[in-house]
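Peer 1: Residue numbers (the numbering used here), protein chains in the order written: chain D, 1 to 114; chain S, 115 to 224.
Written out as structure tokens, the structure reads:
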């Protein structure tokens, strides 16, 4: 149990376009989902926390107008990178919270902006 | 000072060795301590969690938490080449505020 999927796993887009990444908890309901960003050989950086049916809470320094998060249901959260630029190229990972200490991670989405 | 410090390695050991991975932290409010394993280009996988101080064992893995020293450890016995991955420590005081270490890259050589 506790499977989280992400789609797409890899996306290449042109500078200035928008990209949507989906995160789904497949076998449990997640009231809270998290979005992380990870640069090569670095740890995960929390970008935002989203609760179903309410606005996401963004970490300091994360542009909420650039990284749009929607948590439409207990099993689906989406991250949209708007007007992407090469510096947005990164590995984006979502996680879904099941119990107080448990976060289950998706497989990640590699975004390359050309 | 970072909230969570973890030596990024890399750490290379022969197959069968005992591996010791460690993290230190500065926030005494942390109550939940986790270890994640991350293979290259994959999402982290929860390996172990511990609440407050103490030890926890699961197969070849043992997690230890020493809150008085603000120090946590993960031991891997009889290490296997399939254990080669990056190991991330993580800790939180609630589910909404998890902080990760930088991750230690481990290679187990056959």
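From the three backbone atoms N, C-alpha and C, an ideal C-beta is built for every residue, glycine too.
Using a Cβ-Cβ distance under 9 Å, would residue 4/D count as near chain S?
Peer 2: The residue given as residue 4/D occupies position 4 in the first chain. Yes - at least one Cβ of chain S is within 9 Å of the one on residue 4/D.
Peer 1: So is residue 160/S in contact with chain D if we call contact Cβ pairs under 9 Å?
Peer 2: Residue numbering aside, residue 160/S sits at position 46 when the second chain is read from its first letter. Cβ-Cβ to chain D under 9 Å: yes for residue 160/S.
Peer 1: Less than 6 Å between C-beta atoms, sequence neighbours within five positions excluded: which residues of the same chain meet that for residue 164/S?
Peer 2: To locate residue 164/S, count along the second chain from 1; it is residue 50. Taken in chain order, the residues that qualify are 147, 170, 177 and 179.
Peer 1: Let me see if you follow: with CB-CB separation under 9 Å, is residue 110/D close to chain S or not?
Peer 2: As a position in the first chain, residue 110/D is number 110, starting the count at 1. It does; some Cβ of chain S falls within 9 Å.
Peer 1: Tell me the residue span of the beta strand (DSSP E) that contains residue 212/S.
Peer 2: Locating residue 212/S in the second chain gives position 98, where the first residue counts as 1. Premise fails: residue 212/S is in no beta strand (DSSP E) and is neither H nor E.
Peer 1: Thinking C-alpha only, which one of 222/S, 149/S and 132/S is nearest residue 185/S?
Peer 2: As a first step, residue 185/S is located in the second chain; it is residue number 71 there, counting from the start. Checked all of 222/S, 149/S and 132/S; the closest Cα to residue 185/S is 149/S.
Peer 1: Does the Cβ of residue 104/D have 16 or more other Cβ atoms within 10 Å, making it buried, or fewer, making it exposed?
Peer 2: The sequence position of residue 104/D within the first chain is 104, counting from 1. Counting Cβ neighbours within 10 Å, residue 104/D comes out buried, since at least 16 surround it.
Peer 1: Assuming residue 95/D is part of the beta strand (DSSP E), what are its boundary residues?
Peer 2: Taking the first chain and counting its residues from 1, one reaches residue 95/D at position 95. Its beta strand (DSSP E) spans residues 90-97.
Peer 1: Who are the neighbours of residue 189/S on chain D, taking C-beta pairs under 9 Å?
Peer 2: Mapped onto the second chain, residue 189/S falls at position 75. Within chain D, no residue comes near residue 189/S; the closest Cβ sits about 20 Å away, beyond 9 Å.
Peer 1: So is residue 201/S in contact with chain D if we call contact Cβ pairs under 9 Å?
Peer 2: Looking up residue 201/S in the second chain gives position 87. Not closer than 9 Å to any Cβ of chain D, the Cβ of residue 201/S fails to qualify, so no.
Peer 1: In whole angstroms, what separates the C-alpha of residue 23/D from that of residue 85/D?
Peer 2: The residue given as residue 23/D occupies position 23 in the first chain. The residue given as residue 85/D occupies position 85 in the first chain. So the alpha carbons of these two residues sit roughly 22 Å apart.
Peer 1: Work out the CA separation of residue 189/S and residue 49/D for me, nearest whole Å.
Peer 2: Taking the first chain and counting its residues from 1, the one referred to as residue 49/D is at position 49. Taking the second chain and counting its residues from 1, the one referred to as residue 189/S is at position 75. Going by the C-alpha atoms only, they are around 31 Å apart.
Peer 1: Out of 124/S, 116/S and 140/S, which one is the CA nearest neighbour of residue 134/S?
Peer 2: Along the second chain, one-based indexing puts residue 134/S at 20. Among 124/S, 116/S and 140/S, the Cα nearest to that of residue 134/S is on 124/S.
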